[in-house]
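Data first, discussion second: the structure below is written as structure tokens.
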Amino acid sequence: MMLSLLKFEWQLHSRQPVFMLGLLVCVFFGGFLIQNQSVDSDVLVAGPYNMANSICILALMIVPFLVGAFTGNAIVRDRNARITELIFSTPITKMHYLLSRWLGLVAISSLVFTSAIIGILVSLLFSDTGEIGFAHTLWSLLWPLIILILPGIALLSSILFAVGLFSNQNIAVYIVAVIIFLLYQLLAVYSGSPLMANPIAPDETLKQILSGIDPYGATSFFEQVKYWSPTQRNSQFFELKGMLLYNRVGVLLLSVVILALCYRKFDFKLAKHKTASKSKAGIIEKSTVAEIQYRYQPVQPNTGIKASWLAFTEQCKLEYLSTLKTRVFFAVLVFWTVVLVTEIIEGLSSLENLGTTPIASTAEALWRFQYDVLPRFITLFLVYFVAEMAWRDEENNVASFIYSSPVANISLFFAKLIALLLIPVTFITIAIGISSGLQVIYGGQVEWSLYLSLYYYSGLPMVCIAALCLFIHSVSPNKFVGMSISFSLVILAITSLGGQLGLEHGLFKFSTSPLMQYSDLIGFNSTSDAFNGYIKYWLSLSAVMVLLGYGFYRRGVGVPLRLRIQYIGKQGVGKQGVGKQWGYQGLALMVVSVLASGYFGSAVFYQTNEVAHYQSSQERVNWRAEYERKYDQYEHMLSPKVVNIKTHMALYPEQHRYQMKADFTLVNSHFESLNQILVSTDADVHYQNVAISGATLSHYDADFGQYLFKLNAPMLPGDRLQMTFTASQVQNGYLGLQRDNLITPGFSYVQALRYMPFFGFNHHYQLKSPSLRRDQGLPELAPALSLEQAVDEVKGDFSADYDWLEFETVLSTSADEVAIAPGKLIKKWKNNDRNYYHYKTAGPIRNVISYISGRYKMASRFVDGIELQVYYHAEHQDNVEHTLDAMSASINYANKHFGRYLGEQLRLMEVPRNLGLSGYAMPETILISELEGFRTDLSNKEAFDQVFRRTAHEVAHQWWGHGLDSAAVEGGTVLVETLAKYTELVLLEQRYGNEYVRRLMKYEHRRYFNGRGYSSEHELPLYRADARYLVYSKGAVAMYALKNILGEEAINQALRQLMQNHKYPKIPATTLDLIAALKQTTTANNYPVIDRWLKQIIIDDLSITSASYQQLGNSHYKVNVCLQSQQTKEDGLGNSFAISTETTAWLGVFSEHPDNLISRGSDSAVLKIAKVAVKSEGNCLSWTVAGKPTHIAIDPFYQKLDQQRDNNVSVPVFASK
Amino acid sequence: MLMISNLNKTYDNGVKALVDINLTIKQGMFGLLGPNGAGKSTLMRTLATLQSPDSGEILFNGHNIQHDPQAVRSHLGYLPQEFGVYPKISAFNLLNHFAILKGLTDKVTRLEQVNALLQQTNLYQHRKKAVSSFSGGMKQRFGIAQALLGTPKLVIVDEPTAGLDPEERNRFHNVLADISENTIVILSTHIVEDVSNLCPDMAIMAAGSIIKQGPPQKLLAQLAGSIWRKHVNKQEISEYQQQFKVISQRLVAGKVQLHVLSENCPAAGFEPVQADLEDLYFSAINGIAARGN
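The listed protein sequences derive, respectively, from chains L and E.
Okay, so the first sequence: first residue is 11 according to the numbering used here, each after it adds one.
Okay, so the second sequence: first residue is 52 according to the numbering used here, each after it adds one.
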């Protein structure tokens, strides 16, 4: 009985459209999730940890909706299908009835969700996943699926089943599903779940609660693996034990309990009011007479244009409304709303870490969904809706009415097409409504014109998708085939999967164009030209498909495709309406469309391949390998250095181009004379008239942009030569935005470094990946030298690494823009309706030269004789003063403590958010992103002052990086980033007090452990490190700890000394010089602590093993606490061992949780805080405090790298004696 | 006038649905009788321009409907044997929608006709309810209403009275009879009574072919005097079937009443009966069966 009931359930569910849709969504999301994961990340994509994590993310996104959608069919269906009478009158028992429905629901939901594994596996097949076997990966997927997700599905099924059973309303089921979805996300965010993109500091209580009730057990899972190393994450499976086990059992029990309650409460009878409605209607039918009697009279039908038009509009309305009124559409709409609301709220309520929030601008809201969520979401669901619409008449069995009516094919076909187009319009309109509404709630200003542009930029590609799918369905024998083909093509279009099949070029990615991101500074301008080019191509191609689709329009029963093809163009000779479609006009349109798509396609190809120099990734690899084979003969040939650059640079932002004339002074800085000079030029820039005085061009290689000059006379050491050339570039958006080379109205940024000539063999072109080198038959690259080896190699003198020069330019741009380059502004004038600027540096600067032009306003201030300038978008003035304050403070501090600033001016430019940088420092020039710098809401006083912090950091690089130019060896980045972090910290402390910095310390602390946990390489000691989590985060913690021990003045003195001894043109510094300088300013007893932070890897685990308190009277209390210290030392080669030296740490007694006190000023909640010694075998001590202690904490303010934080805080127990 | 000549259709699975069909149908009701699977629906669909024949020609008032389907569609009322409706659309809206598709562009006359048809089919009270929620009979009446939209000159109704109660069926027959005064109405059915009551002309179809065609009276005249009846016990049936051309058998008061086709009195105990359409029908299709054997 049960078995046959279940079999029936299966048949019923598997025939529903949601089944197919669910499968598609799961497979797609599974694949998509993996596609978007970086294979370069440290934890292997196919490893057990990442697989479990991915499965959890999928479950969180999909399961509530999946179960919700099936619940409708599982239980509400009887009412909808009006077969309740039939069911309830069969001998089926209540138990069987409920159980079969519930089991069916669980089974179908589980099955459909499991199909995500297919998507994941297929996607893994196409990515470089590292050395993990298939069986291992499969089990890595199945294990979390069985342990985590299936019980979750059971629980959600029970909940939604109960809702459906008692409400008998689909809408109630959906609402509860959405609530579950949102609630889980909310809890996940506030419990700091790694599932969320930006987890916040976890609330421990909430985390406890969630680990109990988490339907997927993800909270306990993540707790279990929190401190796993990459190796563990890649090999070890989580275990069903502890909290996870309790949670799993609890979840299953709860679902059974809910089901049991359903059984008890559910009345297995018909609701009373539902009886006899039909017979009543029958009585009315016979007794009532209509008020007005109409008389049937034949009406002559029309067949003209008017009839066609009316039929078209009517049919269009009906098609659209019929789609709208479906349950699936409603569910998708709810889903869309949920996705948007969560995305936009997240965007408007958090900008970056430490609680910063943005100004709720339209650009900000769009940033969250316009370029990724919107196109993918609509495309995916459009595939489904096209299928529904294309087969609606057949499926509803209305086709024979429609096809036998005199309505023209053109009305029917285009009604479908237009109705389809209304679907993306609907989604976009809803997106605009939600986004603008949220903006208003968050107090932002709504830019309607920007929102309206979505119909163009996001709507038109959807038109193409609709046309493509409609065409596919018109030639497809059935809905399933049509949908499968459409789905595959769409996946090729919107993912990078096609690249794996050799379809990498944009011309293969139907309906798409290079990423379109919006910035207030440049609008969509960076790639809108490519959008326009591509969309013309896609639209004309769509026209071809619409015409074909119309030509093959299926009218009638069983008209085979071959017949439809046969008759497509023949007016009036087809059979039964087939082939009546086109006529001569159609044929003409077809010809025009084909020609147009050919033309526009060629235009795209020309712009991409010729103008933008497109290379497929394979071509690029081949090119680089070929370069190396051809030119590595020059690898050891000495080259001259550029010591002076003079240019005339004309920027034409409206035309996306520039024109440059340059004069380079070259000097032979070696002890040998030179006979040849190899000049390497970039392929994207058009070079002309490259000439070197006293040298003859002996070889020019256009493929690689190489010029080999033979010197007429040997260039003796110290000799100078002039090199001249002109360079120009025309840029388009066909390869997407170039982050270091963007010429567009509103903002242009040409980073000269990569695009100006190189001398000698260009190591940047070399392939670095060992596997690629093997493929190309290139020898292995020699391993990088260690710091000590490198020092030996050059005998301590890294001067050859220097690339410094004097720079002078005459820079011009459009009349409405300001142009900026390094150096002092000598002169400024207007000519021919263009702005001209003459810049010249006071002395040599690092060769990191940029030309910037923008529609800027400028604010300036003189500090210590230096002009500080902030260039900003006219409407982004809110943070300008604060930025200037931060610059002033930094300049003052650094001038005083590190040495005098080299230039006479320091300029800070706002740059578009889509440039992909938050802050970037070049000599005399700082770039700060529109997003993090100028659109941060400074009125939010809860937030950490990231604007000040970032500005201070980038200003500090004028000393650390562009003042002290470190040697290019291991640890070189420490002298740039760690010292900038230090400067940032002392400046924050100066402005906001040391409590304020604790908050940042806590963040850096976490960032270090996260980075460490996610790193694929063994941690190196700081002085050799270049990894970001080390040079920034560990560096910050280390420098702050050293500052607190050695004192700010001692550190500054060391840094001043370092600068004095190693700034250009003196010998560049290494981290060994930093350590030496630090030791010089302090006494020998501090050497171990310097070594500990900079040369060793030591990780603490301090803990409070017991704590109690006694009341002493007159509100004094005695606290007894026992402490223990565990320290782990690593050797940088992957070996670790415990060490047992005593350590000192802060111990605090509080009347509140110390986490609450981070960033709070000197607080009465701190009863006592002092440094204490902690031993590895443990030690105890007693304190007397004036106030009731609620918390005792060791290292409460994150001064140590303590990997286990939950044993640092203890609630003391009351001891009576 | 509808002229069908040499119409053939074989489906991909080899079933011969239409075999050399020749028919000329004039104004008035035309009954098409035949058992299930005889090819009636294929013929209906072909006439309704939904399907193309493999060969042959259909002329409607001189227009070749394969070449110019619009000519017939403008004046076609078609009620297929099975049909569905769009979900969640009211009877009024759906009928109005079909009226627009039929080309009724003038709003006033269109609405007048839609309402009249709803009244005529007794759906007026339910016009605001979704057709998808209708009972079988109501839905069938809706189908009839839509077939009468516009000015139908060719009405094709395929098994129209299935699911209707006797009163509804009578009403429907009256409507058909009314419009058949200046319209071709093709009534496909397997209910002999419907044809005998309504149709001045008819054809009997079996296995894709027309096996009898003509006015019922004329066809019946051919059978005059050759139908014999006898009441027998159930056990004797097979014996009779072997000896005589039994064309039908039916239970009457516990005994089986056999009709036998024979020029003369087949045997003792048989009595002559006046041939009716049912005898004609059964003799025709059983005759085919015998020929097949």
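Cβ atoms here follow ideal geometry from the backbone N, Cα and C, with glycine treated the same way.
query: First and last residue of the uninterrupted alpha helix (DSSP H) at Thr1286 of chain L; result: Residue 1286 of chain L is absent from the structure shown; chain L starts at 11 and stops at 1227.
query: Beta-carbon separation (whole angstroms), Tyr129 of chain E vs Ala198 of chain E, contact threshold 8 angstroms; result: 6 angstroms
query: Arg917 of chain L, DSSP secondary structure in three states; result: strand
query: Check whether Asp216 of chain E and Leu274 of chain E have beta carbons under 8 angstroms apart; result: no
query: Rounded straight-line distance, which links the Cα of Ile545 of chain L to that of Pro487 of chain L; result: 30 angstroms
query: As assigned by DSSP and simplified to three states, the class of Thr736 of chain L; result: strand
query: Environment of Val299 of chain L [buried if 16+ CB atoms lie within 10 Å]; result: Bear in mind that a pLDDT of 49 at Val299 of chain L, under 50, signals an unreliable position, so the number given afterwards is only what the model happens to contain. It counts as exposed.
query: CA-to-CA distance, Gly926 of chain L to Ala1148 of chain L, given in whole angstroms; result: 42 angstroms
query: Inter-stretch contact (C-beta, 8 angstroms, three-pair minimum) for the stretch 1057-1065 of chain L and the stretch 1104-1119 of chain L; result: no
query: Own chain, CB closer than 7 angstroms to Val136 of chain E, minus 5 neighbours either side, in chain order; result: Leu145, Val182, Ser183
query: Classification of Leu1157 of chain L by the beta-carbon crowding that lies within 10 angstroms, buried from 16 upward; result: buried
query: Whether Phe149 of chain E touches Phe322 of chain L by CB criterion (8 angstroms); result: no
query: Contacts of Ala317 of chain L in chain E (Cβ-Cβ under 7 angstroms); result: Gly154, Thr156
query: Gly107 of chain E, DSSP secondary structure in three states; result: strand
query: Rounded separation between Leu782 of chain L and Ile1109 of chain L - CA only; result: 37 angstroms
query: Spatially closest choice to Val760 of chain L from L:Gln739, L:Phe136, L:Gln956, by CA coordinates; result: L:Gln739
query: Proximal chain L residues relative to Ser92 of chain E, where beta-carbon distance stays under 7 angstroms; result: Those within 7 angstroms of Ser92 of chain E in chain L number zero; the least Cβ separation is about 10 angstroms.
query: Leu145 of chain E CB to nearest heavy atom of the ligand COA below 7 angstroms; result: By its list of ligands, the structure shown contains no ligand whatsoever, and the ligand COA lies outside what it can speak to.
query: Range covered by the alpha helix (DSSP H) that runs through Thr522 of chain L; result: Unbroken run through Thr522 of chain L: none, as it is neither H nor E.
query: Residue interval of the beta strand (DSSP E) (run including Met80 of chain E); result: 79-84
query: Under 9 angstroms (Cβ pairs) to chain E, residues found in the stretch 300-315 of chain L; result: Ala300, Ile302, Gln303, Tyr304, Arg305, Tyr306, Gln307, Pro308, Val309, Gln310, Pro311, Asn312, Thr313, Gly314
query: Identity of the residues DSSP links to Pro368 of chain L by a beta bridge; result: L:Thr946
query: CB contact flag (Leu571 of chain L, Val485 of chain L, <8 angstroms); result: yes
query: Residue-chain proximity (Gly593 of chain L, chain E), Cβ-Cβ < 8 angstroms; result: no
query: Coil, strand or helix - Val1221 of chain L by DSSP; result: coil
query: Span of the beta strand (DSSP E) around Thr819 of chain L; result: 814-824
query: Interfacial residues, the stretch 390-414 of chain L to chain E, with Cβ spacing under 9 angstroms; result: Arg402, Asp403, Glu405, Asn406, Asn407, Val408, Ala409, Ser410, Phe411, Ile412, Tyr413, Ser414
query: Secondary structure of Ser297 of chain L, DSSP reduced to three states; result: Here the model assigns Ser297 of chain L a pLDDT of 42, short of 50, so the residue's position is not dependable and the matter cannot be decided.
query: Chain-order list of residues whose beta-carbon lies under 6 angstroms from that of His114 of chain E (same chain, five-residue window excluded); result: Ala122
query: Assigned exposure category for Ser24 of chain L - 16 Cβ within 10 Å defines buried; result: exposed
query: Assigned secondary structure, Gln761 of chain L (DSSP; H/G/I helix, E/B strand, else coil); result: strand
query: Close Cβ partners of Asp1036 of chain L (< 6 angstroms) along its chain, the five nearest in sequence each way excluded; result: Thr983
query: For His126 of chain E, the three-state DSSP class (helix, strand or coil); result: coil
query: Close Cβ partners of Leu238 of chain E (< 8 angstroms) along its chain, the five nearest in sequence each way excluded; result: Met80, Phe81, Gly82, Leu83, Val208, Pro211, Leu227, Asp245, Val246, Leu249, Cys250
query: Endpoints, the alpha helix (DSSP H) within which His967 of chain L is located; result: No alpha helix (DSSP H) holds His967 of chain L; DSSP gives it neither H nor E.
query: Span of the beta strand (DSSP E) around Asp1110 of chain L; result: 1107-1123
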